[in-house]
Structures are given as structure tokens and as C-alpha cells.
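A.B. asks: Mapped onto our numbering, the consecutive letters of the sequence shown carry residue numbers 1 to 317.
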Amino acid sequence: MDKKTNNKVFKWGLGIIALILFSASSLMLLNPVFAQGQETCPDGGDWIKVDGLTGKNFTYTASEGKLIAETCYKAGTEVVYETISPPQNTVTVTSTVGFDLSHASFRLVDEPEPSPTPTKEPTPTPTPTMEPSPTPTPTDEPTPSPTPTEEINFVPLSLTGICSGSVASIGVFQDAEDTISWTVSNENDVAVSFNWAANNGQSGSGIVPANGSANFVTDIDGYAVDLDYVLGDEIMEEQASIVACEPQQETEEPTPTATEQPTEEPEVTEDPEPDQPAGGMGPSIFSTIIPFALGLTGLAAVATILIKNKKETIISE
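1) By a C-beta neighbour count over all protein chains shown, 10 Å radius and 16 as the cutoff for buried, is GLU70 buried or exposed?
2) Assuming ASP228 is part of the beta strand (DSSP E), what are its boundary residues?
3) In angstroms, rounded to a whole number, what distance separates the CA positions of ASP228 and ILE242?
4) Please report how far the alpha carbon of PRO247 lies from the alpha carbon of ALA198, in whole angstroms.
5) Using CA atoms only, rank isn't needed, just tell me which of GLU234, LEU19, PRO116, ALA62 is closest to PRO87.
6) Roughly how many angstroms lie between the CA atoms of ALA191 and ASN211, to the nearest whole one?
7) For a quick check, are the C-beta atoms of PRO42 and SER102 less than 7 Å apart?
8) Within the same chain, show all residues whose beta-carbon is closer than 7 Å to that of PHE216, passing over the 5 residues directly before and after it, in chain order.
9) Applying the criterion that 16 or more other CB atoms from any shown protein chain within 10 Å of the CB defines a buried residue, is GLY222 buried or exposed?
10) Please classify VAL91 as buried or exposed, where buried requires at least 16 other C-beta atoms within 10 Å of its C-beta.
11) Going by DSSP in three states, LYS56 sits in which element: helix, strand or coil?
12) Residue range of the beta strand (DSSP E) that ASN188 falls in?
13) Pull up the DSSP beta-bridge partners for PHE154, would you.
14) Counting only the same chain and skipping the five closest in sequence on each side, list residues whose C-beta sits under 8 Å from that of THR54.
15) Where do the N-terminal and C-terminal ends of the beta strand (DSSP E) with ILE48 fall, by residue?
16) Do you know offhand how far ILE84's Cα is from GLU78's?
17) By DSSP's criteria, TRP345 is part of a beta bridge. Which residues make up the other side?
18) Could you pull the DSSP bridge partners for SER63 from this structure?
19) For ALA340, collect the residues of the same chain with a Cβ closer than 7 Å to its Cβ; drop the 5 residues on either side in sequence, then sort them by chain order.
20) Using a threshold of 7 Å, state whether the C-beta atoms of ALA240 and LEU159 are closer than that.
21) Which of helix, strand or coil does DSSP assign to SER164?
22) Measure the alpha-carbon distance for LEU306 versus ALA300 and round it to whole angstroms.
23) Quick check on the burial criterion: 16 or more other C-beta atoms within 10 angstroms. Buried or exposed for TYR81?
24) Between which two residues does the beta strand (DSSP E) containing ASN215 stretch?
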């Protein structure tokens with residue numbers, strides 16, 4: 001290597017070393033600037049910042065009327081935020097990154113005013129007014145109690161009458177021919193005593209059995225009858241009447257009409273040809289033999305013709 005080349009190498013080496021030293025000095029001068037540009041907790045506005053802290057815990061109490069809603073602390077190079085819900089008046093921040101606290105900030109909010117508790121007014125108790133009970137007037141009538149008829153569902157008695165001229169067909173006993181027979185019917189489960197009075201002045205009494213009937217008789221002029229009976233404490237009445245009956249008239253037996261006897265005897269005529277008695281003499285022997293003879297004659301003629309034809313046939317052969 002010649003001398004000229006050595007000079008160039010030396011110059012280049014000095015330049016490189018100078019550049020390295022300049023860069024290192026620049027980095028050393030810029031290091032505080034980078035440190036000052038690291039993140040810190042906010043300060044100002046709603047935030048209150050406290051610097052120069054030591055240790056890992058710090059307690060802060062807000063001023064009167066304020067509450068702490070959020071915290072921020074820095075430990076080493078770490079900045080940690082925390083929300084306080086609900087906001088509190090006193091808060092303690094604790095380092096959780098392993099370094100001591102350097103500073104801390106606290107965001108304050110106004111303490112809400114307590115809402116007034118409504119006072120519940122007592123409800124006035126109404127004073128009862130005493131109204132005088134109405135004095136019953138003499139016109140007030142007590143409510144009638146149900147009658148025994150409604151309680152037992154009683155069926156009223158019934159009354160019917162029939163003239164003596166129609167009694168024979170129904171078999172009712174009559175004391176006299178010209179009378180009226182009356183029937184009292186009871187459809188209830190208890191026997192009932194009754195009284196009766198007719199328009200002709202006749203009257204009487206009786207008992208009609210349960211689910212049965214009773215009879216009494218009046219003269220022919222007693223065609224209207226009033227019937228009464230007691231049901232509980234109440235008197236029940238029934239009325240019945242029929243068309244006035246007429247007295248029966250004696251019927252006369254009809255006189256048989258005499259039949260007139262014929263004065264002349266009927267003529268007897270004789271039949272010129274009287275009927276023969278049953279099983280007469282029957283057919284004669286002569287009338288029987290003639291047809292038999294004619295039959296034999298016919299058979300003989302047929303046999304002769306057949307024999308003749310047979311002989312002619314044999315000869316011709």
C-alpha cells in the first residue's frame with residue numbers, strides 16, 4: 001500500500017469516529033427531552049393533581065360539595081386510571097405496578113343535592129255522623145211469613161157432582177133415585193177433613209183420605225155446593241155446581257103387538273118329477289157291455305192288418 005492510500009484510509013477513519021462520537025453526544029443530550037415527554041396524569045379543569053408522592057398509597061379527600069369520580073396515578077413509567085362509581089368524598093389510590101407513586105390526579109364532580117323528603121300529611125279521619133233510625137209508622141206492616149201451602153206444596157181439593165141419571169154407569173151408591181152424587185178428590189199425601197153446604201140447605205162433613213176421594217149425596221135441588229177445609233191456620237174454600245137435574249120419569253113397558261094368524265092354509269103343490277133318492281140304481285149292464293164289445297172289435301181289426309202286412313213282406317223276400 002502506498003503512502004497516498006494510507007492517507008485516504010486515515011482520513012476516512014477519523015471521519016467515521018467523529019460521526020460516531022457526534023451521534024452518541026446527541027443521544028445523551030436528547031435523553032432528558034424524551035423523559036420529559038412521557039405520559040403523566042391530567043391537571044386542570046375538573047382534575048386536581050398532587051406531585052412529589054412517595055410510597056405505594058395515597059389518600060385524597062375532596063373539598064366540601066365535591067366528590068371524586070375518577071383517579072389517575074403514575075408509578076415508574078406506568079399511568080393508571082380508575083373510575084369511582086358511585087363518586088366518593090375520600091379515595092385511596094394504591095400502586096399495582098410494583099413502583100412507588102410519583103404523582104396522582106383526581107377528577108372532581110359536584111355533590112348532588114339531596115332531594116327533599118316529602119312529608120306525608122295525615123289523612124283526616126272522617127267523623128261518623130249518627131243518623132237517627134227512622135221510627136216505624138203505624139202503616140208499616142210486617143212481612144207476611146210463608147203459608148203452610150207454600151211450604152208443603154199443597155194441592156187444593158177438587159169437587160165434582162153428577163146427576164142420579166148418570167150414576168148407574170159409574171157405580172156410585174145413591175140413597176134415592178132423584179139425587180146428585182158429589183165426589184171430593186185429594187191429590188196430597190195427607191188426609192183432609194172437610195165440611196160441605198148445598199144451596200138447598202143440606203150440609204155435612206167428611207174426611208177424604210190421602211191420594212183418594214170421598215163421596216156425599218144431595219137432593220136433586222142441591223145442585224150447588226160450597227166446600228171448606230182447614231189447612232194450617234188458613235181456611236180453604238172450594239165451590240162447584242152443575243146444571244139442575246130433572247126428576248127421572250117412569251118408563252112404561254111397551255105393549256107387544258099381537259100378530260094376526262092367517263085364515264087360509266097355503267096350497268101344497270106336488271112336483272110332477274120327484275127327485276130320486278140318493279144312491280139310485282146306477283148304470284144298466286147293457287150300457288156297459290156295448291162299449292167293451294166295440295173296443296175288442298177294434299183291437300181285432302188292427303191285429304189282422306198287422307199280420308197281413310207281415311205275410312206279404314215274407315213272400316216278397
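For each residue, glycine too, the CB sits at the ideal point set by N, CA and C.
C.D. replies: Let me spell this out:
1) Classification of GLU70: buried, given that the 10 Å Cβ count is 16 or more.
2) Unbroken beta strand (DSSP E) run through ASP228: 224-231.
3) Using only the alpha carbons, I get a separation of about 18 Å.
4) So the two alpha carbons sit approximately 18 Å from each other.
5) The closest CA to that of PRO87, considering only GLU234, LEU19, PRO116, ALA62, is found on ALA62.
6) Rounded to the nearest angstrom, the two C-alpha atoms are 8 Å apart.
7) For the pair PRO42 and SER102, the CB atoms are not nearer than the 7 Å cut-off.
8) Cβ within range, chain order: TRP182, TRP196, GLY204, GLY206.
9) Buried: at least 16 other Cβ atoms inside 10 Å.
10) Its Cβ being crowded by 16 or more others within 10 Å, VAL91 is buried.
11) DSSP, read as helix, strand or coil, puts LYS56 in coil.
12) Membership of ASN188 in any beta strand (DSSP E) is not indicated, and neither H nor E is assigned to it by DSSP.
13) PHE154 pairs with nothing; no bridge assigned.
14) These residues qualify, in order along the chain: ASP100, LEU101.
15) Segment 47-51, the beta strand (DSSP E) holding ILE48.
16) Taking the straight line from one Cα to the other gives about 20 Å.
17) Absent from the model: residue 345. The displayed extent of the chain is 1 to 317, so no value can be given.
18) BP columns for SER63 are empty, so no partner.
19) Absent from the model: residue 340. The displayed extent of the chain is 1 to 317, so no value can be given.
20) The beta carbons of ALA240 and LEU159 sit closer together than 7 Å.
21) Helix.
22) As the crow flies, the alpha-carbon of LEU306 is around 10 Å from that of ALA300.
23) It is exposed - the Cβ of TYR81 has fewer than 16 other Cβ atoms within 10 Å.
24) Unbroken beta strand (DSSP E) run through ASN215: 213-219.
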